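Asker: According to the UniProt record's numbering, the sequence shown is numbered sequentially starting from 1. Handing you this structure, nothing more for now.
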Amino acid sequence: MKSRIHLLPETLTHRIAAGEVVERPASIVKELVENAVDAGATEITVELEQGGCGLIRVTDNGGGINAEDVSLAFARHATSKISEFDDLYRVRSFGFRGEALASIASISRTELVSRTPDVLAGVRIIVEAGEILEITEAGCPVGTTVTVSRIFDSVPVRKKFLKAETTERAYCLDVITRMALANSDVRIRVLAKGRELFSYPATHRLAERIALVLGSGDADRMQPIESSRDGLRIYGFASRPDFTCATTRQIYAFVNRRYVKDYLLNHAVMTAYRRVIEPRRYPAVVLYVDPDPADVDVNVHPAKLEVRFRQPRLVYETIVEALSSMLRDVGPFSSGLLPAGPVGTETKPFSNEEYSSRVSEALKRYSLASGSRKLMFGSRAEVSTGIGSGTRSEIPMTSPTGQPGPGREGSPALDLFESAPAPHRASSSPVFTDLLYAGSLWDTYLIFPSPEGMILIDQHAAHERVLFEKIKNGAHSGKPVIQGLLLPEVLSLAKPDFERLSDLIPLLEQTGIEVEPFGSDAVIVKALPALLAHLEVGSLVRDLISDFTEKEGALSLEEKRDKIYAFLACRGAVKAGKQLTREEVVQLCRDLDATPFAATCPHGRPVYVLYPQREIERMFKRR
Numbered sequence: 001m002k003s004r005i006h007l008l009p010e011t012l013t014h015r016i017a018a019g020e021v022v023e024r025p026a027s028i029v030k031e032l033v034e035n036a037v038d039a040g041a042t043e044i045t046v047e048l049e050q051g052g053c054g055l056i057r058v059t060d061n062g063g064g065i066n067a068e069d070v071s072l073a074f075a076r077h078a079t080s081k082i083s084e085f086d087d088l089y090r091v092r093s094f095g096f097r098g099e100a101l102a103s104i105a106s107i108s109r110t111e112l113v114s115r116t117p118d119v120l121a122g123v124r125i126i127v128e129a130g131e132i133l134e135i136t137e138a139g140c141p142v143g144t145t146v147t148v149s150r151i152f153d154s155v156p157v158r159k160k161f162l163k164a165e166t167t168e169r170a171y172c173l174d175v176i177t178r179m180a181l182a183n184s185d186v187r188i189r190v191l192a193k194g195r196e197l198f199s200y201p202a203t204h205r206l207a208e209r210i211a212l213v214l215g216s217g218d219a220d221r222m223q224p225i226e227s228s229r230d231g232l233r234i235y236g237f238a239s240r241p242d243f244t245c246a247t248t249r250q251i252y253a254f255v256n257r258r259y260v261k262d263y264l265l266n267h268a269v270m271t272a273y274r275r276v277i278e279p280r281r282y283p284a285v286v287l288y289v290d291p292d293p294a295d296v297d298v299n300v301h302p303a304k305l306e307v308r309f310r311q312p313r314l315v316y317e318t319i320v321e322a323l324s325s326m327l328r329d330v331g332p333f334s335s336g337l338l339p340a341g342p343v344g345t346e347t348k349p350f351s352n353e354e355y356s357s358r359v360s361e362a363l364k365r366y367s368l369a370s371g372s373r374k375l376m377f378g379s380r381a382e383v384s385t386g387i388g389s390g391t392r393s394e395i396p397m398t399s400p401t402g403q404p405g406p407g408r409e410g411s412p413a414l415d416l417f418e419s420a421p422a423p424h425r426a427s428s429s430p431v432f433t434d435l436l437y438a439g440s441l442w443d444t445y446l447i448f449p450s451p452e453g454m455i456l457i458d459q460h461a462a463h464e465r466v467l468f469e470k471i472k473n474g475a476h477s478g479k480p481v482i483q484g485l486l487l488p489e490v491l492s493l494a495k496p497d498f499e500r501l502s503d504l505i506p507l508l509e510q511t512g513i514e515v516e517p518f519g520s521d522a523v524i525v526k527a528l529p530a531l532l533a534h535l536e537v538g539s540l541v542r543d544l545i546s547d548f549t550e551k552e553g554a555l556s557l558e559e560k561r562d563k564i565y566a567f568l569a570c571r572g573a574v575k576a577g578k579q580l581t582r583e584e585v586v587q588l589c590r591d592l593d594a595t596p597f598a599a600t601c602p603h604g605r606p607v608y609v610l611y612p613q614r615e616i617e618r619m620f621k622r623r
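Set out below in structure tokens:
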């Protein structure tokens, strides 16, 4: 018998709806801090227990909630922010749907204490699993305190997906970081385990808030940007070309002070930087986009992380113009967070045809994906035109048939012939020192004739495997070879990054990286592994943090160790495009012969491939 259609019980629909708003403790922090800002608070305190998994308390000095309205605050779709449909296109507040408190209370025990300035006594309400348990008078200061505990107790399946305490706390701090950048006139304090993690004082200078939140080290290498067109204002700060990051984590975009993950905005940023920073590196940008509220739809995502612009081309072009003007005028040794001269709008980093093509591509994908698809920036790579020539040209990253070539990720494609056979890995590793070195291809692949055919070695992958094993052996022996820094380097970090790095310090010390906390949001690096002594310390540490943040998960201790070894080996290995001397090639071959697992790099990519002689002869019609 077919099942009958029936209405779901209200308690179940509330929990399903809560899943769209409350993904983890950080989601609760976001909603409560946004409510505090909407209430006009100038001081906000966030308390976290067990990284937010045990308890979250947000206290503000805002306008408070009337006693007669307090129960309505926990009803679905009850809000003071909008009254009619057209109000959605005039929204300037963060919360307006009336879902936050109802969703939070449906999966936790929530206590709210609030008082408005016009009354002597406040009100307390306790809601658990969506049911109101108590409403009483309470003595309290003007403002609101919301305490959330027993998080996900009513939905234990969701609780199983929470990560370690330090990881969840870092997610919460990420949210607070974004709110701090968006609201520089609000003082924000964060407490955890009975101690103050940080306090951002209110300031009317955006530069000061950015330096406090991101750390003075990063902020000193950023320059102001500003541009206005047709009622749209773009402003903020962006890094000089000499300061780049491994991921897009340091690109913060705000639309009318609302943090968003908008593909169009990111694409515009990368268009401006495309010709001034190296491939696969990203700038640090704090970007504020202030359109007329009627020109942006903030109601297209349950968590309001995506928006839709009425004039996306105008937004795109204004961002590119603001950034391009700064990059044109800034010098490599300019001091950060200082005016970079007059900001113009006439410079574009591309020819008119190429620039128009990128804008059209962005707008086309924007209309199709509305920010949900990740853009791959660029489809061409620079490669050498001949063995050891040092000259460079652009070739497509695809073969003549339109399929990706067999080259290593991030390396030039190997497009020899349209019908070229796929290379084979040798069944057993050759003795590399017995091979005759014939030269390099694109300063990336080392060429060795052999009795079986032609062997190509990826110099980066080969060196990466060698360094991985050396770093791993040094860590396991307890005696890594280290190089003390002549001048220890102090790195000021954003608070979430400081928390993540603090968790990794014991593992880093095993590899030979001597790093210690230096205050509440800085570390001091005293030594590096001798194999990596040539690397820039600040970039190495920040990229390590980004690598763990981008790929966070439930990793075992051994998996974390291997992840660190692989990261350090990749950073220290010779790069594709670097011309090696014959002596360096000989030494690399010796190291490969002495290295286990020499067939692949730590990430699983092949170190070498073999083109059999018979296949090469077949291409030349000799067979």
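Beta carbons: idealized from backbone N, C-alpha and C, even for Gly. Owing to the predicted nature of the structure, the values given are computational and were not obtained by experimental measurement.
Buried or exposed for SER440, going by 16 or more other Cβ atoms inside 10 Å?
Answerer: As a first step, residue 440 must be located in the sequence shown, where it is residue number 440. It counts as buried.
Asker: For the beta strand (DSSP E) containing GLY484, name the first residue and the last one.
Answerer: Counted from its first residue, the sequence shown places residue 484 at position 484. 482-492 is the extent of the beta strand (DSSP E) around GLY484.
Asker: In this structure, how does DSSP classify ARG221 when only helix, strand and coil are distinguished?
Answerer: Locating residue 221 in the sequence shown gives position 221, where the first residue counts as 1. Three-state DSSP puts ARG221 in coil, outside helix and strand.
Asker: Is it true that the CB of LEU287 sits closer than 8 Å to the CB of LEU265?
Answerer: To locate residue 265, count along the sequence shown from 1; it is residue 265. To locate residue 287, count along the sequence shown from 1; it is residue 287. Yes, the Cβ-Cβ distance between LEU265 and LEU287 is below 8 Å.
Asker: Tell me the DSSP secondary structure of SER546 in three-state form.
Answerer: Along the sequence shown, read from residue 1 onward, the residue named residue 546 stands at position 546. Three-state result, SER546: helix.
Asker: Name the residue from PHE448, GLY453, VAL58 whose alpha carbon lies nearest to the alpha carbon of GLN459.
Answerer: Against the sequence shown, residue 459 aligns to sequence position 459. Of the listed residues, the one whose Cα sits closest to GLN459 is PHE448.
Asker: CA-CA distance, VAL607 and ALA533?
Answerer: Along the sequence shown, one-based indexing puts residue 607 at 607. Along the sequence shown, one-based indexing puts residue 533 at 533. About 24 Å.
Asker: What did DSSP end up calling VAL574 once you bin it into helix, strand or coil?
Answerer: The residue given as residue 574 occupies position 574 in the sequence shown. Residue state, collapsed to three classes: coil.
Asker: Does the region 267-277 touch the region 239-252, meaning 3 or more C-beta pairs lie closer than 8 Å?
Answerer: The answer is yes - the region 267-277 touches the region 239-252, with three or more Cβ pairs under 8 Å.
Asker: Would you check if there are 3 or more beta carbon pairs closer than 8 Å linking the region 21-29 to the region 156-176?
Answerer: Flag = yes, the region 21-29 and the region 156-176 touch.
Asker: Starting from the Cα of GLU504, find the closest Cα among ASP290, PRO451, PHE548 and give me that residue.
Answerer: For the purposes of this step, residue 504 is taken as residue 504 along the sequence shown, with counting starting at 1. Note that residue 504 is Leu in the sequence shown, not Glu. For LEU504, the nearest C-alpha among the options comes from PHE548.
Asker: Tell me which residue opens and which closes the alpha helix (DSSP H) that GLU168 is part of.
Answerer: Position 168 of the sequence shown, counted from the first residue, corresponds to residue 168. Note, GLU168: alpha helix (DSSP H), 165-182.
Asker: Provide the residue span of the alpha helix (DSSP H) that contains residue 625, from first to last.
Answerer: Look at the range of the chain in this structure, 1 to 623, and you will see that residue 625 is not part of it.
Asker: Only counting the same chain, and skipping five residues up and downstream in sequence, which positions put a Cβ closer than 7 Å to that of VAL170?
Answerer: What you label residue 170 is simply residue 170 of the sequence shown in a count that begins at 1. For the record, residue 170 in the displayed sequence is Ala; it is not Val. Only PRO496, GLU499, ARG500 meet the Cβ criterion.
Asker: Here's a check: name, in chain order, each residue in its chain whose Cβ is nearer than 7 Å to the Cβ of ARG623, leaving out the five neighbours to either side.
Answerer: For the purposes of this step, residue 623 is taken as the residue at position 623 of the sequence shown. Here the set comprises ARG614, GLU617.
Asker: If ASN35 sits next to ALA100, beta carbons under 8 Å apart, how far is it from one beta carbon to the other, in whole angstroms?
Answerer: On the sequence shown, position 35 is the one that residue 35 refers to. On the sequence shown, position 100 is the one that residue 100 refers to. That belief holds up - the Cβ atoms of ASN35 and ALA100 are roughly 6 Å apart, short of 8 Å.
Asker: Taking 8 Å as the cut-off, does the region 36-53 touch the region 185-195 (at least 3 CB pairs, one atom from each stretch)?
Answerer: Flag = yes, the region 185-195 and the region 36-53 touch.
Asker: Could you tell me the boundaries of the alpha helix (DSSP H) in which GLY64 lies?
Answerer: Along the sequence shown, one-based indexing puts residue 64 at 64. No alpha helix (DSSP H) contains GLY64, which DSSP labels as neither H nor E.
Asker: In terms of alpha-carbon separation, which member of ASP153, GLU111, ALA67 lies closest to CYS53?
Answerer: As a working mapping, residue 53 is identified with position 53 in the sequence shown. Ranking ASP153, GLU111, ALA67 by Cα distance to CYS53 puts ASP153 first.
Asker: Measure the C-alpha to C-alpha separation of ILE319 and ARG308 and round it to an integer number of angstroms.
Answerer: Counting from one through the sequence shown, the residue named residue 319 turns up at place 319. Counting from one through the sequence shown, the residue named residue 308 turns up at place 308. One C-alpha to the other measures close to 16 Å.
Asker: Find out if the Cβ-Cβ distance for the pair THR145, VAL113 is shorter than 8 Å.
Answerer: In the sequence shown, residue 145 corresponds to position 145, counting from 1. In the sequence shown, residue 113 corresponds to position 113, counting from 1. Yes. Within cutoff.
Asker: Suppose contacts are defined by Cβ-Cβ distances below 8 Å. Is LEU327 in contact with ALA272 by that definition?
Answerer: The sequence position of residue 327 within the sequence shown is 327, counting from 1. The sequence position of residue 272 within the sequence shown is 272, counting from 1. Yes.
Asker: Quick check for students: name the residue ranges of the alpha helix (DSSP H) that lie wholly in the UniProt domain "DNA mismatch repair protein S5" (210-328), counting only runs of 4 or more.
Answerer: If we require 4 residues or more, the alpha helix (DSSP H) runs fully inside the UniProt domain "DNA mismatch repair protein S5" (210-328) come out as 216-219, 263-273.
Asker: Can you tell me whether HIS463 is buried or exposed? The criterion is at least 16 other CB atoms within 10 Å of its CB, across all chains shown.
Answerer: Looking up residue 463 in the sequence shown gives position 463. Buried: at least 16 other Cβ atoms inside 10 Å.
Asker: Could you tell me whether the region 597-607 touches the region 484-494, where touching means 3 or more Cβ pairs closer than 8 Å?
Answerer: With a cut-off of 8 Å, the region 484-494 and the region 597-607 do not count as touching, because too few Cβ pairs lie within range.
Asker: How long is the line joining the alpha carbons of TYR252 and TYR235, rounded to whole angstroms?
Answerer: Locating residue 252 in the sequence shown gives position 252, where the first residue counts as 1. Locating residue 235 in the sequence shown gives position 235, where the first residue counts as 1. About 12 Å.
Asker: To the nearest angstrom, report how far apart GLU509 and VAL490 are at their CA atoms.
Answerer: Position 509 of the sequence shown, counted from the start, is the residue given in the question as residue 509. Position 490 of the sequence shown, counted from the start, is the residue given in the question as residue 490. The alpha-carbon atoms of GLU509 and VAL490 are separated by roughly 17 Å.
Asker: Any chance the region 431-445 sits against the region 472-481, with 3 or more Cβ pairs inside 8 Å?
Answerer: No, the region 431-445 is not in contact with the region 472-481.
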